[in-house]
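Novice: So the sequence shown is numbered by my numbering: it starts at 6 and just counts up by one.
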Amino acid sequence: MPADLLRLARSGAPKPGTGIVHLGLGAFFRAHGALYIAEAMAASGGDWGIAGVSLKRPDQRDRLAPQGFAYTALELGSDRPAARTVEVLADMLVAPEDPQGVIALMADAGVKIVTLTVTEKGYCHQPATGRLDRTHPDILADLADPDRPVSAVGFLVAALARRRAAGIPPFTVLTCDNLPDNGHLVKGVVLELAGLIDPALAEWIAEEARFPSTMVDRIVPATTPEDLDRVAEITGRRDESPVLHEPFRQWVVEDDFVRGERPDLAAAGVELVVDVAPYELMKLRCLNGTHSALAYLGYLAGHQTIADTIADPAFSRFADRIWTDEIIPGLTPPPGTDLAAYTTALKTRYANPAIRHRTWQIAMDGSQKLPQRILSQLAEGLAAGRPMSGLILAVAAWMTYVGGTDLFGKPVDVRDPLAPRLRAALDGAPDSAAKVSALLAFREIFPASLAGNEAFRASLVEAHAGLARHGARHMVEAAHA
Ligand code: CS2
């Protein structure tokens, strides 16, 4: 029996103009920001159609174009799956095919906002400092030819330059990636790159553009070929690029837009606030921090998904203990939020059996994720004298994982921009002590103050050796015994 197919578009209303360009159009934004924006338009109108841009590959465009850029969003977890047809995407460009077209689109006077989900590594910053990585190959390419950029940062700068030259006000840059103080971070890298190209441009951007911070939340696993069949079965219609997501969602946005121009986000349930920081920290540490911890340890214990991992009682207890003993004590709750209730709800979200979020997927790009998810709170907790053994075990699990062989001797497909360097450093190290030292020396991941903490190093070595000797499940069980 097909689920209800709700159309997320104003029936009979003229097609809205394009007011938003999204860089890095993947499953997450289509299941999160795009839905909020579609709902805001359904409630209050406005020309907030979205043009998507793929910065690397054409595959997403190739799947969506034949369906007129409409797609199915399938909510899984409540009793009955709920499917919606989303018609908020107006077009999609592939940057390497037509960089000039992307710049022209972003420089169009009708475009007021550029949203981004380019993942942590897409900002070309140094994770430990948040500053632009001026040696990054994409940034070097952007500097060599600013009119044919490669990176998201390069496109933002090129389009802002074009707008300035044409006398058009800048757009608002609305980042939707899981980085702390993400508005400030993207502003910093944009100003740094712009300053290297044209200092007057950087000044204009600093004065006229806006970079609100945001906290985004919804669990959206990568869509698999099996999911396409599942969606077809449920809806009775074939969709080459559906998104599958949990029922929960949250979007907290700093209300600071160029000329105040934005969709009526509040009508769709977005929380517009003055200070996003407490929401961001809560989400990054409680959710993404434990997600990464469960991903590395769960993977090493042989668990395929987060739902499988949290269904294992040892891991369920482990998650409770790190929330209670290590994470929550370091947080200031956002107004009106009970952190214990927040993490209890999180655990129910993790346990959703309909969401097959692979530990391997979350384990990707650990070098870019660990600093803000785990290491910053680890450093603060150690300084405050809290026992941080659960998060230390998670870091040891990451150190094991990036070695490229799991605890059963099977190869691991490590996806990380630093993978070859991490692997080389580990291959040259004979034992746990040497391996831990080799990785702690990566200054772009571990700040000197943390790497130089001898008690931390000793605990890491013990945890790393313990994983090899006793296995992940045993270590998780023993972590809080
Ligand atoms: C996950 C996030 O893949 C990951 O690293 O931790 O994508 C997570 O599912 C979202 O941030 C949830 O809002």
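Backbone N, C-alpha and C fix where the C-beta goes; we use that ideal spot for every residue, glycine too.
Return the residue from the list A483, A429, D411 that minimises the CA-CA distance to A473.
Specialist: Stepping through the sequence shown from its first residue, residue 473 is reached at position 468. Nearest option by C-alpha distance: D411.
Novice: Does the separation of the CB atoms of R168 and P175 fall below 8 Å?
Specialist: Locating residue 168 in the sequence shown gives position 163, counting from the first residue. Locating residue 175 in the sequence shown gives position 170, counting from the first residue. Cβ distance < 8 Å, so R168 and P175 count as in contact.
Novice: Please return the same chain residues whose Cβ sits closer than 6 Å to the Cβ of P422, not counting the five positions on each side in sequence.
Specialist: For this step, residue 422 is matched to residue 417 along the sequence shown. K126, listed in sequence order.
Novice: Report the rounded CA-to-CA distance for P452 versus A384, giving the unit in angstroms.
Specialist: The count along the sequence shown starts at 1 and reaches residue 452 at position 447. The count along the sequence shown starts at 1 and reaches residue 384 at position 379. Roughly 9 Å separates the two Cα atoms.
Novice: Can you name the start and end residues of the alpha helix (DSSP H) that W365 belongs to?
Specialist: The residue labelled residue 365 in the question sits at position 360 within the sequence shown. Unbroken alpha helix (DSSP H) run through W365: 364 to 367.
Novice: Report the three-state DSSP secondary structure of D9 (helix, strand or coil).
Specialist: Residue 9 sits at position 4 when you count from the first residue of the sequence shown. Its pLDDT being 44, under 50, D9 is placed unreliably by the model, and the measurement read from it follows with that caveat. In the structure shown, D9 sits in coil (DSSP, three-state: anything other than H, G, I, E or B).
Novice: In three-state DSSP terms, what is P104?
Specialist: Position 99 of the sequence shown, counting from 1, holds the residue named residue 104. Of the three classes helix, strand and coil, the one that applies to P104 here is helix, per DSSP.
Novice: What's the C-alpha gap between H37 and V116?
Specialist: Along the sequence shown, read from residue 1 onward, the residue named residue 37 stands at position 32. Along the sequence shown, read from residue 1 onward, the residue named residue 116 stands at position 111. Spanning the two alpha carbons is a distance of roughly 20 Å.
Novice: Say the cut is 7 Å; is the CB of N183 nearer than that to a heavy atom of ligand 1?
Specialist: Here residue 183 refers to the residue found at position 178 of the sequence shown. Within the cutoff, so yes.
Novice: Fully enclosed by the region 294 to 329, which beta strand (DSSP E) runs are 3 residues long or longer?
Specialist: Runs found: none.
Novice: Between which residues of its own chain and K440 is the CB-CB distance below 6 Å, once the five residues before and five after are set aside?
Specialist: Numbered from its first residue, the sequence shown carries residue 440 at position 435. Here the set comprises L431, A434.
Novice: Strictly by DSSP, which residues pair up with M220?
Specialist: As a first step, residue 220 is located in the sequence shown; it is residue number 215 there, counting from the start. In DSSP, M220 forms a bridge with V257.
Novice: Near Y301, which residues of its chain fall below 8 Å by C-beta distance, leaving aside the five closest residues on each side in sequence?
Specialist: The sequence position of residue 301 within the sequence shown is 296, counting from 1. Result list for Y301: T364, A368, G371, A399, A402, W403, T405, Y406, in chain order.
Novice: Inspect the CB distances between the region 329 to 349 and the region 280 to 293 and report whether three or more fall short of 8 Å.
Specialist: In short, these stretches touch, since the Cβ pair count reaches three.
Novice: From what residue to what residue does the alpha helix (DSSP H) around R68 run?
Specialist: In the sequence shown, the residue the question calls residue 68 occupies position 63. Segment 64 to 69, the alpha helix (DSSP H) holding R68.
Novice: Reducing DSSP to helix, strand and coil, say where G386 ends up.
Specialist: As a first step, residue 386 must be located in the sequence shown, where it is residue number 381. Helix, per DSSP.
Novice: Taking the CB atoms as reference points, tell me whether A199 and V155 lie closer together than 8 Å.
Specialist: Position 194 of the sequence shown holds residue 199. Position 150 of the sequence shown holds residue 155. Not in contact: A199 and V155 (Cβ atoms no closer than 8 Å).
Novice: Would you identify the three-state DSSP class for G31, choosing helix, strand or coil?
Specialist: Taking the sequence shown and counting its residues from 1, one reaches residue 31 at position 26. G31: coil per DSSP, three-state reduction.
Novice: Which stretch, first to last residue, makes up the alpha helix (DSSP H) that contains R474?
Specialist: Here residue 474 refers to the residue found at position 469 when the sequence shown is read from its first residue. Per DSSP, R474 belongs to the alpha helix (DSSP H) from 459 to 475.
Novice: Name the DSSP beta bridge partners of M287, please?
Specialist: Stepping through the sequence shown from its first residue, residue 287 is reached at position 282. Per DSSP, none; premise fails for M287.
Novice: Quick one: Cα of D113 to Cα of T229, how far?
Specialist: Here residue 113 is taken as the residue at index 108 of the sequence shown, counted from 1. Here residue 229 is taken as the residue at index 224 of the sequence shown, counted from 1. D113 and T229: Cα-Cα distance of roughly 35 Å.
Novice: Could you check where the beta strand (DSSP E) with T177 kicks off and where it finishes?
Specialist: Walking along the sequence shown from the start, residue 177 turns up at place 172. Per DSSP, T177 belongs to the beta strand (DSSP E) from 177 to 180.
Novice: Quick one: is the Cβ of I367 within less than 7 Å of any heavy atom of ligand 1?
Specialist: If you number the sequence shown from 1, residue 367 lands on position 362. Because some heavy atom of ligand 1 lies under 7 Å away, the Cβ of I367 counts as near it: yes.
Novice: Thinking just about the alpha-carbon of each residue, which of K192, S218, A227 is nearest to the one in E212?
Specialist: Here residue 212 corresponds to residue number 207 of the sequence shown, with the count starting at 1. Of K192, S218, A227, the residue nearest in Cα terms is K192.
Novice: Kindly list the residues whose CB is nearer than 7 Å to the CB of A48, restricted to its own chain and excluding five residues on each side of it in sequence; keep chain order.
Specialist: Translated into positions along the sequence shown, residue 48 becomes position 43. Cβ within range, chain order: D269, A272, A273.
Novice: Pick out whichever of M97, A32, G51, F74 has its Cα sitting closest to the Cα of P63.
Specialist: As a position in the sequence shown, residue 63 is number 58, starting the count at 1. Nearest of M97, A32, G51, F74 to P63, Cα basis: M97.
Novice: Using a threshold of 7 Å, is the CB atom of N357 nearer than that to any non-hydrogen atom of ligand 1?
Specialist: The count along the sequence shown starts at 1 and reaches residue 357 at position 352. No; taking the cut-off as 7 Å, the Cβ of N357 has no heavy atom of ligand 1 nearer than that.
Novice: Report all residues from its chain with a CB closer than 8 Å to the CB of I397; omit the five preceding and five following residues, and keep chain order.
Specialist: The residue given as residue 397 occupies position 392 in the sequence shown. For I397, where only same-chain residues beyond five positions count, the Cβ hits under 8 Å are L383, F461, S464, L465, A468.
Novice: Under the rule that 16 or more other beta-carbon atoms within 10 Å means buried, what is S218, buried or exposed?
Specialist: Your numbering for residue 218 matches position 213 in the sequence shown. Buried is the call here.
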